[in-house]
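Comments concern the structure below.
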């Protein structure tokens, strides 16, 4: 067994990469374990990180005594965590999120992140991590704003409740209407950090509050607004579907087609043909 301790820099994890995306303040990877348990060295994470086990048997010391987890598991490690957490065999898959020092410090000024390694069992946190992993794997989540929203939501789910600012679901926060108006604009493709600054709240507070009151993330809401505009414009046969997509902020044809079909049940060209069989695509 290796006994030499090693330091893992921001964005580095003990796994082989399927894919990796760099976002403002976050590094997100889908990985496969690279070592047998006995070959994993004692290591320290320089930055805060989150591991969401998708498949495989994983041994962790989070929350105290070492335990073996099988199936989905969500573990947060604050910066400076030293451990030998590992998969039993180089078999399985996991989502890893590194959180920059700036993001962690900013978040702790508004909502407290755990101070020690902890396993989260809450369904909402698992659902958010699972949605991010599936979106990465399928290519559904491609734009930086969508990925960034997902990371802020997950981070918010890990924070202790901000009790003085808790809102009843029946009472809409004052910033929500302004945020929705901005997201409804054709050019409203702001990252969540910029959107939060515009409406005067912290990104964690915005991500949690938006999901609570709207049952979706800001990026999902923006996408729905765009698709509704596209649906109206696609009825006009004088414009090409590609141009309509570009005019509404879609930069990738396959992403647009997938999003439209998922929302309305038909591909854009099929939908136009149903409205007007002689229309051009």
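Numbering (the working numbering), first residue to last: 22 to 302. The C-beta atom is built at its ideal place from N, Cα and C for all residues, glycine as well.
Go through the region 63-98 residue by residue and report every complete run of the beta strand (DSSP E) that reaches 3 residues or more, in order.
64-66, 69-76, 78-81, 88-91, 94-98
Does the region 118-132 touch the region 173-183, meaning 3 or more C-beta pairs lie closer than 8 Å?
yes
Mind checking whether residue 35 and residue 61 have CB atoms under 8 Å apart?
As a position in the chain shown, residue 35 is number 14, starting the count at 1. As a position in the chain shown, residue 61 is number 40, starting the count at 1. Contact flag set, yes.
Would you kindly work out how many angstroms separate the C-alpha atoms of residue 261 and residue 255, rounded to a whole number?
Residue numbering aside, residue 261 sits at position 240 when the chain shown is read from its first letter. Residue numbering aside, residue 255 sits at position 234 when the chain shown is read from its first letter. Roughly 8 Å separates the two Cα atoms.
Helix, strand or coil for residue 189, going by three-state DSSP, please let me know.
Walking along the chain shown from the start, residue 189 turns up at place 168. Confidence at residue 189 is low in this model, with a pLDDT of 47, below 50, so its placement is unreliable and the value that follows should be read with caution. Coil.
Spatial neighbours of residue 32 within its chain, please: CB distance less than 6 Å, with the 5 preceding and 5 following residues excluded, ordered by chain position.
Your numbering for residue 32 matches position 11 in the chain shown. Result list for residue 32: 48, 119, in chain order.
Would you check if the region 230-243 and the region 159-173 touch, i.e. whether three or more CB-CB distances between them fall below 8 Å?
yes
For residue 297, is the classification buried or exposed, using 16 other Cβ atoms within 10 angstroms of its Cβ as the cut-off for buried?
Start at 1 with the first residue of the chain shown, and residue 297 comes out as number 276. Exposed, by the Cβ-count rule.
Should residue 75 and residue 99 be called a contact, given that it needs their Cβ atoms to be closer than 8 Å?
For this step, residue 75 is matched to residue 54 along the chain shown. For this step, residue 99 is matched to residue 78 along the chain shown. No, the pair does not count as a contact, with Cβ atoms beyond the cut-off.
Is it buried or exposed, residue 154, if we count other Cβ atoms within 10 angstroms and call 16 or more buried?
Numbered from 1 along the chain shown, position 133 holds the residue referred to as residue 154. Flag for residue 154 reads buried.
Residue from 216, 195, 193 whose Cα sits closest to the Cα of residue 203:
Position 182 of the chain shown, counting from 1, holds the residue named residue 203. Closest option to residue 203, Cα to Cα, is 216.
Alpha carbon to alpha carbon, what distance is there between residue 141 and residue 186?
Numbered from its first residue, the chain shown carries residue 186 at position 165. Numbered from its first residue, the chain shown carries residue 141 at position 120. With a pLDDT of 47 at residue 186, under the threshold of 50, the predicted position of this residue should be treated as unreliable, though the coordinate-derived value follows. In a straight line, the C-alpha of residue 186 is about 23 Å away from that of residue 141.
Beta-bridge pairing of residue 139 - partner residues as DSSP gives them
The sequence position of residue 139 within the chain shown is 118, counting from 1. DSSP lists 97 as partners of residue 139.
Assess, as a yes-or-no matter, whether the region 64-75 is touched by the region 100-108 under the definition of 3 or more beta carbon pairs within less than 8 Å.
yes
Residues that residue 242 bridges to, as DSSP identifies them:
Along the chain shown, read from residue 1 onward, the residue named residue 242 stands at position 221. BP columns for residue 242 are empty, so no partner.
With distances taken Cα to Cα, identify the nearest neighbour of residue 235 among 111, 270, 258, 196.
As a first step, residue 235 must be located in the chain shown, where it is residue number 214. The shortest Cα separation from residue 235 among 111, 270, 258, 196 belongs to 196.
Pick out whichever of 245, 210, 286 has its Cα sitting closest to the Cα of residue 166.
The sequence position of residue 166 within the chain shown is 145, counting from 1. Cα-wise, what sits closest to residue 166 is 210.
Could you check the C-alpha separation between residue 58 and residue 81 for me, to the nearest Å?
Locating residue 58 in the chain shown gives position 37, counting from the first residue. Locating residue 81 in the chain shown gives position 60, counting from the first residue. Answer to the nearest angstrom: the Cα atoms are 11 Å apart.
Quick one: grab the DSSP three-state call for residue 202.
As a position in the chain shown, residue 202 is number 181, starting the count at 1. Three-state result, residue 202: helix.
Where does residue 164 sit, in a helix, a strand or coil, going by DSSP?
Stepping through the chain shown from its first residue, residue 164 is reached at position 143. The answer is coil: DSSP assigns residue 164 none of H, G, I, E or B.
Closest by CA to residue 331, which one among 233, 137, 39, 257?
For the chain, the structure presents residues 22 to 302; residue 331 sits outside this window and is missing.
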